[in-house]
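A.B. asks:
There are 2 protein chains.
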Amino acid sequence: MKRRPTEESTGNLGFALLGLLARRRSTGYELARRMERPVGYFWSAHHGQIYPELARLEARGFVRHTVVEGAGPRPTKRYAVTAAGRKALREWVVGELEPQPVRDLETLRLWNIWLVEPGAALELVQKLRQDHAARLAAYESELAEVRDSPEAHDPRNPMFASRLTLEGGVRSRRAALEWCDWMREQLESAMHDQTSAH
Amino acid sequence: MKRRPTEESTGNLGFALLGLLARRRSTGYELARRMERPVGYFWSAHHGQIYPELARLEARGFVRHTVVEGAGPRPTKRYAVTAAGRKALREWVVGELEPQPVRDLETLRLWNIWLVEPGAALELVQKLRQDHAARLAAYESELAEVRDSPEAHDPRNPMFASRLTLEGGVRSRRAALEWCDWMREQLESAMHDQTSAH
DNA sequence: GCTTCATATGTCAATATTGACATATGAAGC
DNA sequence: GCTTCATATGTCAATATTGACATATGAAGC
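Line by line, the protein sequences are chains B and F.
Count along the first sequence from 1, then add 1416; that gives the number in the working numbering.
Count along the second sequence from 1, then add 1416; that gives the number in the working numbering.
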């Protein structure tokens, strides 16, 4: 059986890059940095993955590049999304919701805390709580920057979508913080019951 | 340079399998089904990944198998976690929190909804809301089954950990539902403003 | 003048994941 | 008797991801 030379469908990383480029044209290097923040909040990729994916997107006609002056040892390429790329992204956004594989290390850890002493479990919960609190603070400060601008209230402006996703991040981290506090109470009362039973 | 014949560190799938086996010994087939539910709520893997991973865990001494009667064309193997495997899992549970790569397709879609008409965006939000509502119902019914049992209040019992993770699922899905309702309001009021501006 | 760092683009080996293919048995329903 | 399905374990090719290696420039600080 012959294999076709790639070109099937755009993977999810491709849509992340198209979404980035639909907001602003960028070089691969800039995309890698924008992928850390803000897109890194919901999608992550290294530059080692980004450069080949850009080449694939270009082969499919979804992006095109122009060479600009830059500091690297090779020509610096600035990419922009094409009409076809924008269309593909739009169609994906409202397309079928396919079940995505779940990879939630935090919950996997907690599902196994019965194996360790309640004191160690409590420490883990407190560490997780700190992480959530730090993320919440970052989201809140970013949200404060966009919340009141008129663009963030125009549903066809990228800032509108940024506002919605940041709001979701804030809400989910607040819920996680409350969950951590609830878990702490559960562990503490269980430890207390154990002690007083003696 | 020679490559060592695997055996470095257990991947995350390995810990998911060890956690499953620490609760109850199982065949690979049973693990694949238990991986769908309940572990599938926070970690997923196909049987094509599970069988090779079991072999690697066995090579490292973390699990061992006995052959039992079964229906398949090959001998059916029942795996159990060893003391070394249990220790490795315990150490991982309270070990360093490494930043995990994020892959959140739902947020990636929403981050791009400015590209589509508000009406289509609204439809997407409603579809996402339905998904969250269905998941919430599943978590709530599972939580109701364990919540009141005494084992679920003993921090060294697996049911305790199940209860904590289910509670987290319920809380996060409730927050997501509220977020969806909030997004609907945002979209509807933006659409209304647009109409009345004419 | 020298070191360090941000800029900049790429490749490659190792590993992880997906989805299909392969195969065989026993039980249930028709 | 035949079909279908759950049981059961595995392999393999394609794809995705990670992390390291490679390389070169200009600016800043010493």
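For every residue, glycine included, the Cβ atom is placed at its ideal position computed from N, Cα and C.
Note down, in chain order, each residue of its chain lying with its Cβ closer than 6 Å to the Cβ of P1574 of chain B, except the 5 sequence neighbours on either side.
C.D. replies: Same-chain partners within the cutoff: R1439.
A.B. asks: Mind checking E1452 of chain F: buried by the 16 CB within 10 Å criterion, or exposed?
C.D. replies: Burial call: exposed.
A.B. asks: Where does the unbroken alpha helix (DSSP H) through R1545 of chain B begin, and where does it stop?
C.D. replies: Unbroken alpha helix (DSSP H) run through R1545 of chain B: P1534 to V1562.
A.B. asks: Would you say V1518 of chain F and G1456 of chain B are within 8 Å of each other, going by their C-beta atoms?
C.D. replies: Yes. Within cutoff.
A.B. asks: Are there 16 or more other CB atoms within 10 angstroms of the CB of R1587 of chain B, so buried, or fewer, so exposed?
C.D. replies: The residue in question, R1587 of chain B, is buried, as its Cβ has 16 or more Cβ neighbours within 10 Å.
A.B. asks: Three or more beta-carbon pairs under 8 Å between the stretch 1538-1556 of chain F and the stretch 1583-1603 of chain F, yes or no?
C.D. replies: Yes, the stretch 1538-1556 of chain F touches the stretch 1583-1603 of chain F.
A.B. asks: So if DSSP puts Y1495 of chain F in a beta bridge, which residue, or which two residues, is it bridged to?
C.D. replies: The partner list for Y1495 of chain F (beta bridge, DSSP) reads F:S1442 and F:H1481.
A.B. asks: CA-CA distance, E1583 of chain F and F1458 of chain B?
C.D. replies: The straight-line gap from Cα to Cα measures roughly 23 Å.
A.B. asks: Measuring alpha carbon to alpha carbon, tell me which of B:M1607, B:R1494 and B:W1530 ends up nearest L1447 of chain B.
C.D. replies: It is B:R1494.
A.B. asks: Tell me whether the stretch 1429-1444 of chain F and the stretch 1493-1511 of chain F touch, counting them as touching only if at least three CB pairs, one residue from each stretch, are closer than 8 Å.
C.D. replies: Counting Cβ pairs under 8 Å, three or more are found: they touch.
A.B. asks: Give me the Cα-Cα distance between G1605 of chain B and D1570 of chain F, rounded to the nearest whole angstrom.
C.D. replies: The displayed chain sequence assigns Ser, not Gly, to residue 1605 of chain B. Cα-Cα distance, rounded: 10 Å.
A.B. asks: Around the Cβ of S1578 of chain B, are there at least 16 other Cβ atoms within 10 angstroms (buried) or fewer (exposed)?
C.D. replies: The residue is buried, with at least 16 neighbouring Cβ atoms inside 10 Å.
A.B. asks: So, does the CB of P1571 of chain F fall closer than 8 Å to a CB anywhere in chain B?
C.D. replies: So yes, P1571 of chain F belongs to the interface.
A.B. asks: So, helix, strand or coil for R1519 of chain B, using DSSP?
C.D. replies: If DSSP states are grouped into helix, strand and coil, R1519 of chain B belongs with the strands.
A.B. asks: Can you pull the chain F residues whose beta carbon is under 9 Å from the beta carbon of I1466 of chain B, in chain order?
C.D. replies: Near I1466 of chain B there are no residues of chain F at all, since even the closest Cβ is about 14 Å away, more than 9 Å.
A.B. asks: Between F:H1548, F:G1501, F:T1443 and F:H1462, which lies nearest to Q1486 of chain F when the distance is taken from Cα to Cα?
C.D. replies: This sequence places Gly at residue 1486 of chain F; Gln is not what is there. Taking only the C-alpha atoms, the option nearest G1486 of chain F is F:T1443.
A.B. asks: With C-beta atoms as the reference, is F1431 of chain B less than 8 Å away from L1524 of chain F?
C.D. replies: Their beta carbons are under 8 Å apart, which means F1431 of chain B touches L1524 of chain F by this criterion.
A.B. asks: Mind checking the stretch 1541-1564 of chain F against chain B and listing, in chain order, the residues whose C-beta falls within less than 8 Å of any C-beta there?
C.D. replies: Within the stretch 1541-1564 of chain F, the residues whose Cβ lies closer than 8 Å to some Cβ of chain B are K1543, L1544 and D1547, listed in chain order.
A.B. asks: I want to see whether chain F comes within less than 8 Å of G1584 of chain B, judged by CB atoms only; does it?
C.D. replies: For G1584 of chain B, the answer is yes, since a Cβ of chain F falls inside 8 Å of its Cβ.
A.B. asks: Name the residues in the stretch 1439-1451 of chain F whose C-beta lies less than 7 Å from a C-beta of chain B; which are they?
C.D. replies: Listed in sequence order: no entries.
A.B. asks: Counting only the same chain and skipping the five closest in sequence on each side, list residues whose C-beta sits under 7 Å from that of C1596 of chain B.
C.D. replies: Only V1541, L1544, R1545 and H1548 meet the Cβ criterion.
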